[in-house]
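Asker: Dumping the structure here so I can ask a few things about it.
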Amino acid sequence: CAGLWGGSFAFDLQLPKRFQQFSCVFSFPQVHVKVADEAVCVGPAPTSKSYLNMDAIMNAIKQTGAQAVHPGYGFLSENKEFAKRLAAEGVTFIGPDTHAIQAMGDKIESKLIAKAAKVNTIPGFDGVVKDAEEAVKIAGEIGYPVMIKASAGGGGKGMRIAWNDEETREGFRFSSQEALSSFGDDRLLIEKFIDNPRHIEIQVLADKHGDALWLNERECSIQRRNQKVVEEAPSTFLDPDTRRAMGEQAVSLANAVKYSSAGTVEFLVDSKKNFYFLEMNTRLQVEHPITECITGLDLVQQMIRIAKGYKLQHKQSDIPINGWAVESRVYAEDPYKSFGLPSIGRLSQYQEPLDLPNVRVDSGIQEGSDISIYYDPMISKLVTYGKTREEALKKMEDALDNYVIRGVTHNIPLLREIIVHPRFVSGDISTKFLPEVYPDGFKGHMLTAGERRELLATAAALYVAAQLRSQKFLGDLSRQWELCVELDKGVHMLGVSRSGNNYTVEIDGEKVEVSGEWNLASALLPITINGKHRTLQCLLRTAAGEISLQYLGTSFKLRVLSNLAASLSKHMPEKVPEDTSSILRSPMPGSVVAVSVKPGDNVAEGQEICVIEAMKMQNSMTAAKTAKVKSVHCKAGDTVGEGDLLVELE
Amino acid sequence: YRGWCLQNARCYSVNHLSVQERIEKKRKAALTGGGQLRIAAQHKRGKLTARERLELLLDPDSFVEYDMFVEHRCSDFGMEADHNKYPGDSVVTGQGRINGRLVYVFSQDFTVFGGSLSGAHAQKVCKVMDQAMMVGAPVIGLNDSGGARIQEGVESLAGYADIFLRNVMASGVVPQISLIMGPCAGGAVYSPALTDFTFMVKDTSYLFITGPDVVKSVTNEDVTQEELGGAKTHTTVSGVAHRAFENDVDALLNLRDFFNFLPLSNKDPAPVTECHDPRDRPVPGLDTIVPFESTKAYDMLDIVHGVLDEREFFEIMPNYAKNIVVGFARMNGRTVGIVGNQPKVASGCLDVNSSVKGARFVRFCDAFNIPIITFVDVPGFLPGTAQEYGGIIRHGAKLLYAFAEATVPKITVITRKAYGGAYDVMSSKHLRGDVNYAWPSAEVAVMGAKGAVQIIFRGKENQAEAEAEYVEKFANPFPAAVRGFVDDIIQPSTTRKRLCRDLEVLASKKQTNPWKKHANIPL
Chain A
1 CAGLWGGSFA
11 FDLQLPKRFQ
21 QFSCVFSFPQ
31 VHVKVADEAV
41 CVGPAPTSKS
51 YLNMDAIMNA
61 IKQTGAQAVH
71 PGYGFLSENK
81 EFAKRLAAEG
91 VTFIGPDTHA
101 IQAMGDKIES
111 KLIAKAAKVN
121 TIPGFDGVVK
131 DAEEAVKIAG
141 EIGYPVMIKA
151 SAGGGGKGMR
161 IAWNDEETRE
171 GFRFSSQEAL
181 SSFGDDRLLI
191 EKFIDNPRHI
201 EIQVLADKHG
211 DALWLNEREC
221 SIQRRNQKVV
231 EEAPSTFLDP
241 DTRRAMGEQA
251 VSLANAVKYS
261 SAGTVEFLVD
271 SKKNFYFLEM
281 NTRLQVEHPI
291 TECITGLDLV
301 QQMIRIAKGY
311 KLQHKQSDIP
321 INGWAVESRV
331 YAEDPYKSFG
341 LPSIGRLSQY
351 QEPLDLPNVR
361 VDSGIQEGSD
371 ISIYYDPMIS
381 KLVTYGKTRE
391 EALKKMEDAL
401 DNYVIRGVTH
411 NIPLLREIIV
421 HPRFVSGDIS
431 TKFLPEVYPD
441 GFKGHMLTAG
451 ERRELLATAA
461 ALYVAAQLRS
471 QKFLGDLSRQ
481 WELCVELDKG
491 VHMLGVSRSG
501 NNYTVEIDGE
511 KVEVSGEWNL
521 ASALLPITIN
531 GKHRTLQCLL
541 RTAAGEISLQ
551 YLGTSFKLRV
561 LSNLAASLSK
571 HMPEKVPEDT
581 SSILRSPMPG
591 SVVAVSVKPG
601 DNVAEGQEIC
611 VIEAMKMQNS
621 MTAAKTAKVK
631 SVHCKAGDTV
641 GEGDLLVELE
Chain B
1 YRGWCLQNAR
11 CYSVNHLSVQ
21 ERIEKKRKAA
31 LTGGGQLRIA
41 AQHKRGKLTA
51 RERLELLLDP
61 DSFVEYDMFV
71 EHRCSDFGME
81 ADHNKYPGDS
91 VVTGQGRING
101 RLVYVFSQDF
111 TVFGGSLSGA
121 HAQKVCKVMD
131 QAMMVGAPVI
141 GLNDSGGARI
151 QEGVESLAGY
161 ADIFLRNVMA
171 SGVVPQISLI
181 MGPCAGGAVY
191 SPALTDFTFM
201 VKDTSYLFIT
211 GPDVVKSVTN
221 EDVTQEELGG
231 AKTHTTVSGV
241 AHRAFENDVD
251 ALLNLRDFFN
261 FLPLSNKDPA
271 PVTECHDPRD
281 RPVPGLDTIV
291 PFESTKAYDM
301 LDIVHGVLDE
311 REFFEIMPNY
321 AKNIVVGFAR
331 MNGRTVGIVG
341 NQPKVASGCL
351 DVNSSVKGAR
361 FVRFCDAFNI
371 PIITFVDVPG
381 FLPGTAQEYG
391 GIIRHGAKLL
401 YAFAEATVPK
411 ITVITRKAYG
421 GAYDVMSSKH
431 LRGDVNYAWP
441 SAEVAVMGAK
451 GAVQIIFRGK
461 ENQAEAEAEY
471 VEKFANPFPA
481 AVRGFVDDII
491 QPSTTRKRLC
501 RDLEVLASKK
511 QTNPWKKHAN
521 IPL
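Chains A and B are the protein sequences, given in the same order.
Take 1 as the starting number for the first sequence in full-length UniProt numbering and just add one per residue.
Take 1 as the starting number for the second sequence in full-length UniProt numbering and just add one per residue.
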């Protein structure tokens, strides 16, 4: 039996391995593929020409004689047309029946079915929205705030929240455009938006013989722009009764649509533990590994068994909650810009923290891979497991610290901060966690005085080690170093002495001991600072004393100079950075969807100037001040890089 | 006898005291150069003084100064007056250490007569250059001078020529580095031009034959100092300077780092430092770096960084003729010179500027025993009238000449295209390449398949079929490998391991060219 894996985000290595006895064929766009027994190229990188190109994928199936297709989790996984075409060819679709995909894929129908199945639903309007004005009218009837999203899409794609008529119009426009580009279907839906909710979902598993199970919940409340960032299973919030009630409703919905295969029923849960049906995803979810961790079930294997027509192996009473699992979505994103704007690049160095126990990394990339503008910017799913939540979170800290990603900007700084934030640790979260905790945007880790000393001491030790290596032939090297270290405009005078691998650094009268088995070539710096173990990463070290260190997830720029060089630096001229208020640069790589201004136009502050699409997301670029447009350097259809000049104002 | 002795001692000590006082006074004067006011003015311009620069460049307490008491000999225009005499004149010279290794230095003092070059100034510079050549140690010049000492007339011009002659004599004997840290105009520019490397400081240094005023009066051209001879001009447009740094401190710290790569003289081997990066480290990213389509670009620097020790690469002329990449790095701790075609810029073709840039770098490496590693992805020489009129034949020949005459270890890796004459030029087996590798993606051919088929099958049908046949036959490493023109086809991820091993073996390579007075490179 041969199976064809249809790709997920860029592509996924972990899952195809689990076809086990099946020989595994891998469909892929023109990128390099290493695993799988066989790989078929389905077209060039843009998704509309590869993963979304049904003809190419059908050809791949014929060419390889595949008898079954696992669609992954995106692209064609919830496309009923695709399932139909497979059925016509006599190829098994590893997933639910076309009927269930269709019923649950349609937001309106799914709600009707859910209501009939006695599943709690959100108050709201069920109907297709034709234009912006109708959207405003509907929103008015439901009462603000409302949520606007694509009928066809799952997750947060094409979903926006509007608090007034103007935002409704804007939300309608963006969501419909995004829906069109991601799903080829511009239908939308407007619902009552539940303020301050949690997003908790129930994993279900149903066979073709009418049996269904619920495999507990996943807490997915930590989101940015309605896309999940950190997930965990189980949830700290649910008590056994609520869990059972949610599980039973999820199963009754699955039964109502004669569901078979793995599926996810998403709920919004308010602070009083009232829960409302949101939607059902008729596919494997990105975050499924955490359910696998706590239940011990292999969901992909179960899906294949079910597709083959076998009965479920387990009863509801067999489903345990063993320990705790946490998943961090590692994205190629700059977390300092709206909690994550896509970045691209080539992974010049890449090392997963797989040597740590109880760590699982699902990724489709390797050192040398390109993160392109054509896919979701996800690098990997980093999953840690522990007997307790505390253990799983501690493991996540270690895993994030030991994860080496160079060449693209990534969101590890944000992930590392979330998992140690007191509110997250105590379980006090909602889908508004990020904007509430970081109202002015994410700024990176805020150093305590002690942490600052640790960071300074490590930089000083690195500097001294590098200096000593240059002077190997000088003979007796035991001496005291007087250094001046700059960090965030603060200047510190440090004294360093060394014996072997141990550095004693004196900072403002306090002694810090740095030791450990590290060298100047290693990406990771496993060091002991004052008896505490820490893993830092050295990102940059230049001849002019610049040192960048990743510490507690955040990267810090330091400058280490001898006292002499520091005192002479006072005479160096300040270089004036360019005035950016009159220049609009692309904050990320992507393509220009629309340009709304031309030279000579007068624009108001905050007025939209152009729209950039990157990684299937549209971003409106607005004017930083009221001014006249001097020149326009881009046009619709252009591909732009990060920092490229788009528009100049006068 | 006793009385005589006492009496004499007394006389001596009186005399001694007064001399001692004068020595102290002169020394003190020498250390303050043109005085506190001018020092303050120098600082205000964002520049360090000549002595501060040396202090930062050299290891602590290692500077040994020469000729602190030398004064200018001009007696015209009131120059003979005491207040116009500065001990040491307008330059500080001597020797010192950089990370423990000997270096001769001169640092022009802008606070004394604007750093202008007097006969005495030139004599001091010549003294350190002569000694550097005798003992075999590099010379670093920190240039910050308004030009000739006009009051001295021809004596100043003679001084320049004395220095030029020594620059030429020292060329290929000891490394010579110029760091331009202020103005450097007129005849003075030819000393840096004759040295091996010229670095500049952004915004505060200028190099030009004639300044903007003269340009305006002669050609009526309006141009600023910065546009005419600033760091940006010379590192991007003219190719006169090899690199620019942010400010004095940045430049001097980088110069210390750069110095670590260099041997002390042509009799020294390339230096080897302690290496923490495993010599056999696989570089998995290299297996996927060359794109499937041969028309698609990639960044040669990704390959270069991947194989080097600690990804550390001191690039020479990073912003000039970017279609070729050259610079210094280390492999298993040993200094190597890297040359690579850059497919990202102009497809990595060879043109006038890139040929000259590559040739000069290769000759430096050869002169100073630095092994050369060449990464080849070259579609050929750039065609067109601009290039032909510019003399691409003559300039391209320089690179060919440089690779052919080089006797240091030469290792070549063909990553993708090696087309036409450019294949021969890029350190091919035929030019005495010691080890020549091809990656599986290598295509060694006279030209790309399309062009070749158009010539072979001119006017015939089935061009597409013929093209496919040509690709099958030549767009792979086999035609070169079966003839022994490449020694092996290697997995890209093993490149570092192979290079480190070869360098070890080739460290004892000995090869000489036939005796000649000097060769005649097509200049």
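Ideal placement from N, C-alpha and C gives every residue a C-beta, glycine not left out.
Does B/Asn332 get closer than 8 Å to chain A when you measure Cβ to Cβ?
Answerer: No, B/Asn332 does not count as interfacial toward chain A.
Asker: Enumerate, from N- to C-terminal direction, the unbroken beta strand (DSSP E) stretches of 3 or more residues contained entirely within the segment 174-242 of chain B.
Answerer: Taking only runs of at least 3 residues, the beta strand (DSSP E) segments lying wholly in the segment 174-242 of chain B are 176-180, 183-185, 197-201 and 206-208.
Asker: In this structure, what does DSSP give as the bridge partners for B/Val103?
Answerer: Per DSSP, B/Gly96.
Asker: What residue range does the alpha helix (DSSP H) around residue 524 of chain B cover?
Answerer: Because chain B in this structure spans residues 1 to 523, residue 524 of chain B falls outside the shown range and cannot be described.
Asker: Short of 8 Å Cβ to Cβ, which residues in the segment 175-204 of chain A face chain B?
Answerer: The residues in question: there are none.
Asker: Got a sec: which bits of the segment 342-369 of chain A sit with their beta carbon under 9 Å from any beta carbon on chain B, in order along the chain?
Answerer: Result list: Arg346, Leu347, Ser348, Gln349, Tyr350, Gln366, Glu367, Gly368 and Ser369.
Asker: Can you tell me the Cβ-Cβ gap for B/Phe361 and B/Val326, rounded? I've got them flagged as a contact below 8 Å.
Answerer: Sure, about 4 Å apart at Cβ, within 8 Å.
Asker: Considering only their Cβ atoms, is the gap separating B/Lys417 from B/Val378 smaller than 8 Å?
Answerer: Against a cut-off of 8 Å, the Cβ pair of B/Lys417 and B/Val378 comes out as a contact.
Asker: Decide if A/Lys598 is buried, meaning its Cβ has at least 16 other Cβ atoms within 10 Å, or exposed.
Answerer: Burial call: exposed.
Asker: Can you look up B/Pro479 in the DSSP assignment and give me helix, strand or coil?
Answerer: In this structure, B/Pro479 counts as helix in the three-state DSSP scheme.
Asker: Would you mind stating whether A/Val229 and A/Arg329 have Cβ atoms separated by less than 8 Å?
Answerer: In this structure, A/Arg329 lies closer than 8 Å to A/Val229 by Cβ.
Asker: Could you tell me whether the Cβ of B/Leu253 comes closer than 8 Å to any Cβ of chain C?
Answerer: No chain C appears in this structure, whose protein chains are A and B.
Asker: Hey, quick one: how far does the alpha helix (DSSP H) through A/Leu524 stretch, first residue to last?
Answerer: Segment Leu524 to Ile529 is the beta strand (DSSP E) holding A/Leu524; no alpha helix (DSSP H) there.
Asker: Verify the CB distance criterion: does A/Met572 have a CB-CB separation below 8 Å to chain B?
Answerer: So yes, A/Met572 belongs to the interface.
Asker: Buried or exposed, going by whether 16 or more other CB atoms sit within 10 Å of the CB of B/Asn332?
Answerer: Classification for B/Asn332: buried.
Asker: Going by beta carbon distance, what residues of the same chain come within less than 6 Å of A/Arg406, once the five residues before and after it are set aside?
Answerer: Same-chain partners within the cutoff: Ser348 and Gln349.
Asker: What three-state label does DSSP hand A/Arg169 in the structure shown?
Answerer: In the structure shown, A/Arg169 sits in a helix (DSSP, three-state: H, G or I).
Asker: In the DSSP output, which residue or residues are listed as bridge partners for A/Ala262?
Answerer: A/Ala262 is bridged to A/Leu205.
Asker: Give the range of the alpha helix (DSSP H) segment to which B/Thr288 is assigned.
Answerer: Element bounds for B/Thr288: n/a, residue is neither H nor E.
Asker: Please list the terminal residues of the continuous alpha helix (DSSP H) segment that includes A/Cys293.
Answerer: First-last of the alpha helix (DSSP H) with A/Cys293: His288 to Thr295.
Asker: So A/Asn53 contacts chain B; which residues on that side make the cut at Cβ distance below 8 Å?
Answerer: Per Cβ cutoff of 8 Å: no residues; A/Asn53 is ~18 Å from chain B at best.
Asker: What residue from B/Ser75, B/Asp250, B/Phe292 and B/Gly153 has the CA that sits closest to B/Ser441's CA?
Answerer: The candidate whose alpha carbon is nearest that of B/Ser441 is B/Phe292.
Asker: Please report the straight-line C-alpha distance between A/Ile138 and A/Met246, rounded to a whole angstrom.
Answerer: Using only the alpha carbons, I get a separation of about 29 Å.
Asker: For the segment 498-519 of chain A, which residues have a beta carbon sitting closer than 8 Å to at least one beta carbon of chain B?
Answerer: The residues in question are Asn519.
Asker: Go ahead and pull the three-state DSSP assignment for A/Leu434.
Answerer: Helix at A/Leu434.
Asker: Mark A/Pro16 as exposed unless 16 or more other C-beta atoms lie within 10 angstroms of its C-beta, in which case mark it buried.
Answerer: Bear in mind that a pLDDT of 40 at A/Pro16, under 50, signals an unreliable position, so the number given afterwards is only what the model happens to contain. Its Cβ being crowded by 16 or more others within 10 Å, A/Pro16 is buried.
Asker: Does the beta-carbon of A/Gly637 have 16 or more other beta-carbons within 10 angstroms, so that it is buried, or is it exposed?
Answerer: Label assigned to A/Gly637: exposed.
Asker: Taking only beta carbons into account, state which residues of the UniProt domain "Lipoyl-binding" (571-650) of chain A come closer than 8 Å to chain B, listed in chain order.
Answerer: Listed in sequence order: His571, Met572, Pro573 and Lys575.
Asker: If you drop the 5 nearest sequence neighbours on each side, which residues of the same chain put their C-beta closer than 8 Å to that of B/Gly239?
Answerer: Result list for B/Gly239: Met317, Tyr320, Ala321, Asn353, Val356 and Lys357, in chain order.
Asker: Helix, strand or coil: how does DSSP classify B/Lys344 here?
Answerer: Here B/Lys344 sits in coil by DSSP.
Asker: Quick one: which residues of the segment 310-324 of chain B get their C-beta closer than 8 Å to a C-beta of chain A? List them in chain order.
Answerer: Flagged, chain order: Glu310 and Arg311.
Asker: To the nearest angstrom, how far is the alpha carbon of B/Glu310 from that of B/Cys500?
Answerer: Taking the straight line joining both Cα atoms gives about 14 Å.
Asker: Using a Cβ cut-off of 8 Å (strictly closer), state whether B/Gly327 contacts chain A.
Answerer: So, not an interface residue.
Asker: By DSSP, does A/Asn255 sit in helix, in strand, or in coil?
Answerer: Three-state DSSP puts A/Asn255 in a helix.
Asker: Rounded to the nearest angstrom, what separates B/Leu54 and B/Ala148 at their Cα positions?
Answerer: Rounded to the nearest angstrom, the two C-alpha atoms are 23 Å apart.
Asker: In angstroms with no decimal places, state the Cα-to-Cα distance between A/Pro289 and B/Trp439.
Answerer: In a straight line, the C-alpha of A/Pro289 is about 39 Å away from that of B/Trp439.
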